[in-house]
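Novice: Chains as they are written, first to last, in this note's numbering: chain V, 1 to 337; chain F, 338 to 674; chain G, 675 to 1011; chain P, 1012 to 1348.
Each residue gets a CB set at the ideal place from its N, CA and C atoms; glycine is no exception.
For clarity, every value in this text was computed on a predicted model and none was experimentally measured.
Input: one structure, supplied below.
4 protein chains.
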Amino acid sequence: MIIVLRPDATKKETDHVIQKIKQLGLAVHISKGKERTIIGAIGDESVFEEHPLDTLPGVEKVMPILKPYKLVSREFQKEDTIINLGKVKIGGKQIQVIAGPCSVETRETLLHIAREIKKAGARLLRGGAFKPRTSPYAFQGLGEEGLKLLSEVKKATGLPVVTELLDPRDTDIVYRHSDIIQIGARNMQNFRLLTEVGKLDKPVLLKRGLAATIKEFLMSAEYIASEGNRKIILCERGIRTFETSVRNTLDLSAIPVLKEETHLPVFIDPSHAVGRWDMVAPLARAAVACGADGLMIEVHSDPENALCDGSQSLKPSKFAALMKELKKVAIAVGRTM
Amino acid sequence: MIIVLRPDATKKETDHVIQKIKQLGLAVHISKGKERTIIGAIGDESVFEEHPLDTLPGVEKVMPILKPYKLVSREFQKEDTIINLGKVKIGGKQIQVIAGPCSVETRETLLHIAREIKKAGARLLRGGAFKPRTSPYAFQGLGEEGLKLLSEVKKATGLPVVTELLDPRDTDIVYRHSDIIQIGARNMQNFRLLTEVGKLDKPVLLKRGLAATIKEFLMSAEYIASEGNRKIILCERGIRTFETSVRNTLDLSAIPVLKEETHLPVFIDPSHAVGRWDMVAPLARAAVACGADGLMIEVHSDPENALCDGSQSLKPSKFAALMKELKKVAIAVGRTM
Amino acid sequence: MIIVLRPDATKKETDHVIQKIKQLGLAVHISKGKERTIIGAIGDESVFEEHPLDTLPGVEKVMPILKPYKLVSREFQKEDTIINLGKVKIGGKQIQVIAGPCSVETRETLLHIAREIKKAGARLLRGGAFKPRTSPYAFQGLGEEGLKLLSEVKKATGLPVVTELLDPRDTDIVYRHSDIIQIGARNMQNFRLLTEVGKLDKPVLLKRGLAATIKEFLMSAEYIASEGNRKIILCERGIRTFETSVRNTLDLSAIPVLKEETHLPVFIDPSHAVGRWDMVAPLARAAVACGADGLMIEVHSDPENALCDGSQSLKPSKFAALMKELKKVAIAVGRTM
Amino acid sequence: MIIVLRPDATKKETDHVIQKIKQLGLAVHISKGKERTIIGAIGDESVFEEHPLDTLPGVEKVMPILKPYKLVSREFQKEDTIINLGKVKIGGKQIQVIAGPCSVETRETLLHIAREIKKAGARLLRGGAFKPRTSPYAFQGLGEEGLKLLSEVKKATGLPVVTELLDPRDTDIVYRHSDIIQIGARNMQNFRLLTEVGKLDKPVLLKRGLAATIKEFLMSAEYIASEGNRKIILCERGIRTFETSVRNTLDLSAIPVLKEETHLPVFIDPSHAVGRWDMVAPLARAAVACGADGLMIEVHSDPENALCDGSQSLKPSKFAALMKELKKVAIAVGRTM
């Protein structure tokens, strides 16, 4: 931690800062420039979380040196994390696509969609049973009934299932019916939920919050990892900006930043980012070219009558065409699909 | 709902849109301009939540006319909601100040702070027992022990207590020990939690999410109201922008916008917005001048050693001085304190 | 234009709105729903620019139907604009790369860089003679001397030159020494400058402002087009968001949005967006995969000693390697390089 | 400057960084922690503008210690700058209000508005002769004719005039007809224009750009000051955020931040921020309570027929009522009006 003192800091103020740092068990390193005195606090910076120095008189600013996340950092683990889900490897050379409807509606529709996406090359099925909806008057998902349908369709198709957990009270039932548990963007800082999935032995797909910095995103992953679960997939799905021509702004620079900072696999969800089916394809191609380890794409056989997010769902035929395009891009950047 | 067709929409596409609207039980109103055909769908717009028209071929854009929130809207209830908490009226002419530490630490500290804020004129005590912390390694609050301390201090001082609920599993215990239940900014779209507090008969203080639009903020209030609980206090606490000189950007324009849109009381939390104690006072004064019904301010007797958010906490003496200033501003704008 | 009246609008207010629309020469179309009366104003919406209706009593909101840009819209011209610069075609199947240093420094350096980028496959040379710098104390560019060096190097290498115009007083001299005139992000709404380049017969590369919406971006292009110059290249270079891990957030969704809205070629500048040379490559690849017509990339032979933006400049060898990667991605998406 | 090395930085890389700093004439201070080596570069940090260290191998991040602005900083000048404009003092205890129409339209209208605002207590008249309009098809101002009308009305009323300069080629004529020269938000980083007004001896009202950080805002003021003109008024007018219920988000926290960082007077323009006349009053009151030195408010006698920004203009009667309210708030916070 670097503490920059104000130019008018008194000797008494300076001494108080130094004493405080020493009390907390860190070594002190003083450097007097012409315009500012700078104090380096050498040792475990995390103690300052509970003892902030910026409130002390005479302090101008405090600059952390170390990163606040540990277990998820590239420094802690140099090699990429690869998550094995049966024969499906997540985080390796092969790019994985999770596809399926926004919400589970009926057995027939789900089964039909699952077969179509499998034929097109997707290896994981998504489908929401518990849906976080902005309006209390909108369809909230089928709940347990939806989870059971996912299990059935998994049995029929062999596709592992990704579904969202909204409430810690549903942990057991969601665990039973899923292969990857999704934590949605709105729950990225629902720390109780993170703690719950951190105790499980199934992979977690953690979506980036709409207004979460990369640092906060990684801190949420650290919550899960600190409970013992290291099988975490990070998923960027658009951030909130001033631009309104699409629903959210897909932040693809998050891919190289995350690849540098962490060893965890990075997925992209272009469907939720743009919110319009006709712009999913170019951004999906871009994500693959940019280095994403996987994609999450909404597919529905009848988007016009989907109970949720029909506007952003691809029809199976469009999805199949996109998968062919993605394969070419993947090969161009040295990956497989 | 207004549906604008593309200039090249075919007759078949147009007819399909019209038929779809009629199927959903709404009346259709067509207006052909030189450059665009516009279709008005007259009736209950909420059906389009599950049957979005923007995915239909030939449609350029869809513009809702009605507001998505009902119970919390000014249209539904013209007069201001006033919440009575014993002798404390929230939402009336008198401005209320909620003050106290970020988190409950010890009985002595809490009692001391409570007495100081009461002396200064605050009528409500805040204190966190369950703390949502960005880092899994930071102090997470005293939990039930903290709640009990709040109850004790309430008994000793007579100050009603505001505390945060983080997890639906804690609803009962938080209900027991609080007078107003806070839903924090990070949980503004934790719809399960909103549903829980919507079933209770105690007031809810709902904080605006960092990246929530006013419309989304009101939709979250609608979640609570739709379950039966109409005693909702809205609290703006800074939104996330590109500016980094303060922690978040306090959006005071939210006050007149909310006052127009809703009948619910509007509070401002300047402490979390700026994140620096030395800038709390000017923004607190601004909030009162702008029409806020109340403030939420962090006060700690020893900010330097606070276990949470010490940087933004006022010492009791500074708080008392601020209360005097606020009183003058309140009178200047025709309010009392 | 759709005018939504307030639920409590009086007959007098309604009549006043109607009369006003008629006065302005538009036809009126009234639709009374149960909850709102809606008035359609049919005809030339642009008259409302100077006579806004939202200020009239009884009006709740006003929603434009038509787009505010004309000449640059896809509606006005269906086929893509292709700009011919000698043998270089901009906006066609072939993707073009503009490369070179942030600022022109010396003849030797510029010539060396130009030869290197040409060898690697770039067909256009960039280099700033007038530099907009955030600090008045930073290097502001060589001015006319720099322009002359660009002309010399163009003669030596055959590469057409792209350089920025900052001040309307420099129009003549910049015109003389450039093939494409750049309007920088900070000048995107310098309407006087737009008007100046609108009168010229050389292509203009218009960069998107850091906080400009796509609509505003196109309105600035419309300024140029309305003066007669239709040879406009749009260039996205990152927008300002809350994320700080990179300098700006590259908005690749702007590509499909612009491709739908306008017939103009769309370029991407990943160097300025990320501000770090080590993240230019993945975003450049993403841009090509997403449908960009070209790229603008900073290259410097000695980034460590560059007088401007060295941090984001690629060395020639890295640039050459990137060009090979881009070629593969271009082919994968059906383009050439 | 603090340079944090990567944990895996080699001795060669470390030595290169050290040598580089010494070459640039700064002293080096090394501090080896367990996890990171930190290098302090002591001396004039501005040399790193042209020789960025973050591009050197082995460097993780670079953190500046000193502020990039000098002349405008509170460190450089402790006491507040007070600008004297005849009997009007800007930046002192008395709060000043600049009022008038968005654009000058006719002699009669301007004179009428000027008399009304003077009667209500405003001491400065605003009016645009050159208008930056988003659309090339909108009214662009009367130009020189408008400037002459401003001079005439000044003669008739005694009110000093504030008007905007858009183009360096208009400097002379704007100088002749104005008392304070405004640089608009869109030109905050038009460095050529800043340099021009920096050479003049009349006060400059510099508006904050929509996406400008406080630091960038002050750097633009530094541009003006570095040319010799220290009479600078800073004006916050709303920043661009995700919220759409008002045009821009007024950032009142900018007031205390600027008051700490700089000695220059700080004004607030609530009219442009909200873009709606009915929300100007609460935000104007808030600005005064927050410590603003002045306000800029749009007033028009016939907003419905104003040629520009009618939606946000107050009628003279509303303005007069607001001035009375503001006076009370000013007194409450120890200021006068």
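#1: Using a Cβ cut-off of 9 Å, pull out every chain F residue sitting near P/G1302, in sequence order please.
#2: Please state whether DSSP places G/A701 in a helix, a strand or coil.
#3: Among the residues of its own chain, which have a CB less than 6 Å from the CB of G/I791, if the five just before and after it don't count?
#4: Looking at the secondary structure, which residues open and close the beta strand (DSSP E) in which P/L1170 lies?
#5: With distances taken Cα to Cα, identify the nearest neighbour of P/V1344 among P/G1157, P/V1299, P/S1322 and P/S1057.
#6: Listed from N- to C-terminal order along the chain, which residues in the region 1205–1229 of chain P have their beta-carbon within a distance smaller than 7 Å of any beta-carbon of chain F?
#7: Flag this pair as touching only if the region 652–659 of chain F and the region 688–695 of chain G have three or more C-beta atom pairs under 8 Å; answer yes or no.
#8: So with CB distances below 9 Å, who are the chain V contacts of F/E387?
#9: With which residues is G/T869 paired in a DSSP beta bridge?
#10: For the pair the region 132–152 of chain V and the region 105–122 of chain V, tell me if three or more CB-CB distances fall below 8 Å.
#11: Can you list, in chain order, the residues of the region 852–866 of chain G whose Cβ is nearer than 8 Å to any Cβ on chain P?
#12: In the region 736–769 of chain G, which residues sit with their C-beta less than 8 Å from some C-beta in chain V, listed in chain order?
#13: Taking C-beta pairs closer than 7 Å, name the residues in chain G that V/Q252 reaches, listed in chain order.
#14: With a threshold of 8 Å, are at least 3 pairs of Cβ atoms found where one atom belongs to the region 219–228 of chain V and the other to the region 925–944 of chain G?
#15: Beta-carbon of F/E559 versus every beta-carbon of chain G: anything under 8 Å?
#16: Can you check DSSP and say which residues form a bridge with P/V1215?
#17: Is the separation between the beta-carbon of F/K491 and that of F/I518 shorter than 8 Å?
#18: 8 Å is my cut-off, CB to CB: does V/R390 come that close to chain F?
#19: With 8 Å set as the bound, which would you pick, yes or no: does the beta-carbon of G/I716 sit closer than that to a beta-carbon of chain F?
#20: Does the beta-carbon distance from F/V603 to F/V611 come in below 8 Å?
#21: Does the distance from the C-beta atom of G/R860 to that of G/P810 stay below 8 Å?
#22: If you follow the alpha helix (DSSP H) that F/E635 is part of, which residue opens it and which one closes it?
#23: Please determine if the region 359–378 of chain F and the region 1036–1048 of chain P are in contact, where contact requires at least 3 C-beta pairs separated by less than 8 Å.
#24: How should G/F750 be labelled, buried or exposed, when 16 other C-beta atoms within 10 angstroms of its C-beta is the threshold for buried?
#25: Express the C-alpha separation of G/T869 and V/A129 in angstroms, rounding to a whole number.
#26: For the putative contact between G/M675 and G/R800, defined by C-beta atoms under 8 Å, what is the C-beta separation to the nearest angstrom?
#27: Going along the chain, which unbroken runs of the alpha helix (DSSP H) with 4 or more residues stay wholly within the region 1288–1334 of chain P?
#28: Would you kindly report the start and end of the unbroken beta strand (DSSP E) that includes F/A378?
#29: Step through the CB atoms of chain V and report whether any lies within less than 8 Å of the CB of P/S1328.
#30: Would you give the residue range spanned by the beta strand (DSSP E) that F/I592 belongs to?
#31: Under 8 Å, Cβ to Cβ, is there at least one residue of chain G near F/R444?
#32: When the cut-off is 8 Å and only beta carbons count, does P/E1247 lie next to chain F?
#33: Could you tell me which chain P residues have their CB closer than 7 Å to the CB of V/P7, listed as they occur along the chain?
#34: From the DSSP output, in three-state form, read off V/E152 for me.
#35: Suppose only complete runs of 3+ residues qualify. What are the beta strand (DSSP E) ranges in the region 1059–1085 of chain P, listed by chain order?
#36: My assumption, with CB atoms under 8 Å, is that G/P834 sits in contact with G/L759. Please give the rounded CB distance.
Specialist: Put simply:
#1: Indexing the fourth sequence from 1 puts residue 1302 of chain P at position 291. The contacting residues are P619, R622 and A623.
#2: Residue mapping note: residue 701 of chain G aligns to position 27 of the third sequence, counting from 1. The answer is strand: DSSP assigns G/A701 an E or B state.
#3: Taking the third sequence and counting its residues from 1, the one referred to as residue 791 of chain G is at position 117. Around G/I791: A773 and V973.
#4: On the fourth sequence, residue 1170 of chain P is found 159 positions in, with the first residue counted as 1. No beta strand (DSSP E) holds P/L1170; DSSP gives it neither H nor E.
#5: In the fourth sequence, the residue the question calls residue 1344 of chain P occupies position 333. Looking at the Cα atoms, P/V1299 is the closest of the given residues.
#6: A1222, T1224 and I1225
#7: no
#8: Here residue 387 of chain F refers to the residue found at position 50 of the second sequence. The answer, in chain order, is A138, F139, N305, A306, L307, C308 and G310.
#9: Locating residue 869 of chain G in the third sequence gives position 195, where the first residue counts as 1. The partner list for G/T869 (beta bridge, DSSP) is empty, contrary to what the question assumes.
#10: yes
#11: R860, N861, Q863, N864, F865 and R866
#12: none
#13: Here residue 252 of chain V is taken as the residue at index 252 of the first sequence, counted from 1. Contrary to the premise, residue 252 of chain V reads as Leu rather than Gln in this sequence. The answer, in chain order, is L924, L926, L957 and A960.
#14: no
#15: Taking the second sequence and counting its residues from 1, the one referred to as residue 559 of chain F is at position 222. Not one chain G Cβ lies under 8 Å of F/E559.
#16: Position 204 of the fourth sequence, counting from 1, holds the residue named residue 1215 of chain P. Partner(s): P/I1192 and P/I1243.
#17: Residue mapping note: residue 491 of chain F aligns to position 154 of the second sequence, counting from 1. Residue mapping note: residue 518 of chain F aligns to position 181 of the second sequence, counting from 1. For F/K491 and F/I518, no; Cβs fall outside 8 Å.
#18: In this structure chain V extends from 1 to 337, so residue 390 of chain V is not present and cannot be described.
#19: Here residue 716 of chain G is taken as the residue at index 42 of the third sequence, counted from 1. Interface residue, yes.
#20: One-based indexing of the second sequence puts residue 603 of chain F at position 266. One-based indexing of the second sequence puts residue 611 of chain F at position 274. Result no, Cβ atoms of F/V603 and F/V611 do not sit closer than 8 Å.
#21: As a first step, residue 860 of chain G must be located in the third sequence, where it is residue number 186. As a first step, residue 810 of chain G must be located in the third sequence, where it is residue number 136. Result no, Cβ atoms of G/R860 and G/P810 do not sit closer than 8 Å.
#22: Numbered from 1 along the second sequence, position 298 holds the residue referred to as residue 635 of chain F. Unbroken run through F/E635 is the beta strand (DSSP E), G631 to E635; no alpha helix (DSSP H).
#23: no
#24: Residue 750 of chain G sits at position 76 when you count from the first residue of the third sequence. G/F750 is exposed by the Cβ-count criterion.
#25: One-based indexing of the first sequence puts residue 129 of chain V at position 129. One-based indexing of the third sequence puts residue 869 of chain G at position 195. Taking the straight line from one Cα to the other gives about 55 Å.
#26: Stepping through the third sequence from its first residue, residue 675 of chain G is reached at position 1. Stepping through the third sequence from its first residue, residue 800 of chain G is reached at position 126. So it is not a contact: roughly 42 Å between Cβ atoms.
#27: 1291–1301
#28: Walking along the second sequence from the start, residue 378 of chain F turns up at place 41. T374 to I379 is the span of the beta strand (DSSP E), which, as asked, contains F/A378.
#29: As a first step, residue 1328 of chain P is located in the fourth sequence; it is residue number 317 there, counting from the start. False, the Cβ-Cβ gap to chain V never drops below 8 Å.
#30: Residue mapping note: residue 592 of chain F aligns to position 255 of the second sequence, counting from 1. Element bounds for F/I592: not the beta strand (DSSP E) but the alpha helix (DSSP H), A591 to E598.
#31: The count along the second sequence starts at 1 and reaches residue 444 of chain F at position 107. No, no contact with chain G.
#32: Numbered from its first residue, the fourth sequence carries residue 1247 of chain P at position 236. Judged by the 8 Å Cβ criterion, P/E1247 is not in contact with chain F.
#33: Counting from 1 along the first sequence, the entry for residue 7 of chain V is found at position 7. Ordered by position in chain P, the residues that pass the 7 Å Cβ test against V/P7 are E1086.
#34: Against the first sequence, residue 152 of chain V aligns to sequence position 152. If DSSP states are grouped into helix, strand and coil, V/E152 belongs with the helices.
#35: 1070–1074
#36: Position 160 of the third sequence, counted from the first residue, corresponds to residue 834 of chain G. Position 85 of the third sequence, counted from the first residue, corresponds to residue 759 of chain G. Confirmed, about 5 Å.
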